[in-house]
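The working numbering applies: residue 6 is where the sequence shown begins, and numbers increase by one.
The beta-carbon is built from N, C-alpha and C at its ideal position, and this holds for glycine as well.
All values derive from a computational prediction rather than experimental measurement.
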Amino acid sequence: MKSVLIIGMTPNPGGIESFLMTYFRKLKDTFKIDFLTTFETCAYSQEILDNNSRIYTIKSSQFKQAKEFKQELTYFFQHHHYDIIWFNACDLGNFGLLKYAQLCSPEKVIVHAHNNDFMMKGKKALFYKFMHYKNKKKVKQYATDYWACSELAGEFFFEDDVRQSSRYHVINNAIDTDRFKYDREVRAAYRKDLHAEDKIVVMNTARFTYQKNQLFLIDIFDELKNRDDRFELVLVGDGELRGELEQKISELNLTDSVQLLGLRSDIPELLSAADIFLFPSRFEGFGISLLEAQASGLLSFTSKTVVPKSVGITDLLTYISLDESPVEWADMIYSQFTSRDIDRNKYTDIIKEKGFDIDTEARRLKSYLDD
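Okay, structure coming up:
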């Protein structure tokens, strides 16, 4: 049984973490899989440990404690051997740790791109941008294989010659489609719990960050509320912009129409309860939340050009430019919602047919790991 070390998990159960765990559940009986993180905690840690996998932590900061960071990584890779290193990231700013992975003599080192722009802003972002583009030119020195969640993400991470090689693959952000199948009974129960039986529920599932653009989402919702007072917004997640969101919700007198649910593990059930999925991100490597929403048969709206076309695999997803005003977004959303009659039960089969079901994609990914 080959051994795999996954790098890239954080404490936040977000898109990358959800993606990795979806594949972990399908691969854990075929490969010996462990995790290496640079955070004190790791999302899904109990499930990982319950499946006889280990979680290793590098406690030192790469930039603030460079000497200690180097020592920890050197010791770790000298004392742990893995056949495959699978490095997952949103940019190449933290690429340095892969230099030390060579110490465990892996057969394969995979760099997996999960985003198409920089999540950080301000002075810190300038440093990460410098490191990213510097490492982009050097990625071939340390990696043997190059994966991306979309072509946009691949362009962001890899030079043209890398993307033209046989070792480059776009890995579909597949989901367990059956888990996200629309359920009428679950819908009724959850809408009762949300006190939204007679509401038009707009939902967003994402970290509260600059990238996910919830402040703009609030402006769109405010316009929707002006068109029909039954609109109710449910935000699932948490993050550094929570305080700003709460302030804006209060300033627009929307407190009684917006629910902040925090981090949840029952996303499929919540999606069944919703009527509209709104995802106006500033950029996305793929946007797995949009795939989940479509699997649930939800009318969905996202940002044009900055969210990959590859996630729009059904007729449920509409792309709108971020240059359009909240009024124009609301007009498009309201027009479609009031004019379309959607059979929500059929979309899990469409997702499967398009190759985004985890059973199909896990077999493909396994073949790449074995190659």
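Cβ-Cβ distance between GLN216 and ARG287 below 7 Å: Yes.
For LEU283, three-class secondary structure by DSSP: Assignment of LEU283 by DSSP, reduced to helix, strand and coil, places it in the strand class.
Neighbourhood of PHE221 by C-beta distance below 6 Å, restricted to the same chain and skipping five residues each side: Contacts found: PRO285.
Secondary structure of ASP376, DSSP reduced to three states: Coil at ASP376, not helix or strand.
Between the CA atoms of GLU22 and CYS47 - distance to the nearest angstrom: So the two alpha carbons sit approximately 9 Å from each other.
Nearest-angstrom Cβ-Cβ length linking THR323 and ASP181, presumed shorter than 8 Å: 25 Å between Cβ atoms; not a contact.
Status (buried if at least 16 other CB within 10 Å, exposed otherwise) for ALA153: By the neighbour-count rule (16 or more Cβ atoms within 10 Å), ALA153 is buried.
Residue ranges of each alpha helix (DSSP H) within the stretch 115 to 183, 4 or longer: Counting only runs of 4 or more, we get 128 to 147, 156 to 162, 165 to 168.
Those runs of the beta strand (DSSP E) which lie wholly inside the stretch 286 to 320 and span at least 3 residues: Entirely contained in the stretch 286 to 320, the beta strand (DSSP E) runs reaching 3 residues are, in chain order, 304 to 308.
Span of the beta strand (DSSP E), counted from its first residue to its last, around LEU238: Per DSSP, the unbroken beta strand (DSSP E) holding LEU238 starts and ends at 236 to 241.
Contact the stretch 97 to 113 vs the stretch 75 to 83: 3+ CB pairs below 8 Å: Flag = yes, the stretch 97 to 113 and the stretch 75 to 83 touch.
Inter-residue Cα distance where the pair is ASP233 and ILE272: In a straight line, the C-alpha of ASP233 is about 26 Å away from that of ILE272.
Paired residues, beta bridge with SER8 - DSSP: Answer is LYS37.
Secondary structure of LEU257, DSSP reduced to three states: Assignment of LEU257 by DSSP, reduced to helix, strand and coil, places it in the coil class.
CA-to-CA distance, GLN67 to ILE325, given in whole angstroms: Separation of ILE325 and GLN67 (C-alpha to C-alpha, rounded to the nearest whole angstrom) is 39 Å.
Where the alpha helix (DSSP H) through GLY20 begins and ends: Per DSSP, GLY20 belongs to the alpha helix (DSSP H) from 20 to 32.
Limits of the unbroken beta strand (DSSP E) element including TYR324: Looking at the DSSP string, the run of the beta strand (DSSP E) that includes TYR324 is 322 to 325.
CA nearest to the CA of PHE282, picked from ASP346, ALA71, ALA211, PHE361: Ranking ASP346, ALA71, ALA211, PHE361 by Cα distance to PHE282 puts ALA211 first.
Helix, strand or coil at ALA94 [DSSP, three-state]: Reduced to three states, the DSSP call for ALA94 is strand.
8 Å contact criterion, which ALA179 and ILE363 should meet: CB distance rounded: About 4 Å; that satisfies the 8 Å criterion.
Straight-line gap, ILE60 to ALA71 (C-alpha atoms, nearest Å): Rounded to whole angstroms, ILE60 to ALA71 spans 22 Å at the Cα level.
Local Cβ density within 10 Å of ASN57, reported as buried at 16 or more and exposed below that: A residue is called buried when at least 16 other Cβ atoms come within 10 angstroms of its Cβ; ASN57 does not meet this threshold and is exposed.
Status (buried if at least 16 other CB within 10 Å, exposed otherwise) for HIS86: Flag for HIS86 reads exposed.
Chain-order list of residues whose beta-carbon lies under 8 Å from that of LEU54 (same chain, five-residue window excluded): Sequence-distant Cβ neighbours of LEU54 in its own chain, meaning closer than 8 Å and more than five residues away, are ILE60.
Assigned secondary structure, ASP362 (DSSP; H/G/I helix, E/B strand, else coil): Residue state, collapsed to three classes: strand.
Rounded straight-line distance, which links the Cα of ARG30 to that of SER8: When rounded, the distance between both Cα atoms is 15 Å.
Which listed residue (TYR151, LEU275, ASP165) has its alpha carbon closest to that of ASP188: Of the residues TYR151, LEU275, ASP165, the one whose Cα lies closest to the Cα of ASP188 is LEU275.
Terminal residues of the beta strand (DSSP E) in which MET208 lies: According to the DSSP assignment, MET208 belongs to the beta strand (DSSP E) that extends over 205 to 210.
Secondary structure of LYS217, DSSP reduced to three states: Coil at LYS217, not helix or strand.
The stretch 93 to 106 in contact with the stretch 137 to 147 per 3-pair CB rule at 8 Å: The way I'd put it, the stretch 93 to 106 does touch the stretch 137 to 147; three or more beta-carbon pairs between them come closer than 8 Å.
GLN252 - partner residues in DSSP beta bridges: Listed as beta-bridge partners of GLN252 by DSSP are no residues whatsoever.
TYR49, DSSP secondary structure in three states: Coil, per DSSP.
Touch test, the stretch 90 to 97 against the stretch 133 to 141, Cβ-Cβ under 8 Å, three pairs minimum: The stretch 90 to 97 is in contact with the stretch 133 to 141.
Cutoff 6 Å; reference THR20; Cβ partners in own chain excluding five residues on either side: With the sequence shown as reference, residue 20 is identified as Gly, and Thr is not the correct amino acid for it. Counting only Cβ-Cβ distances below 6 Å, and skipping sequence neighbours, we find ILE293.
Closest residue to PRO16 among THR43, MET6, SER255 (Cα-Cα distance): Closest option to PRO16, Cα to Cα, is THR43.
Start and end residues, alpha helix (DSSP H) containing TYR87: Counting along the chain, TYR87 sits inside no alpha helix (DSSP H), nor does DSSP assign it H or E at all.
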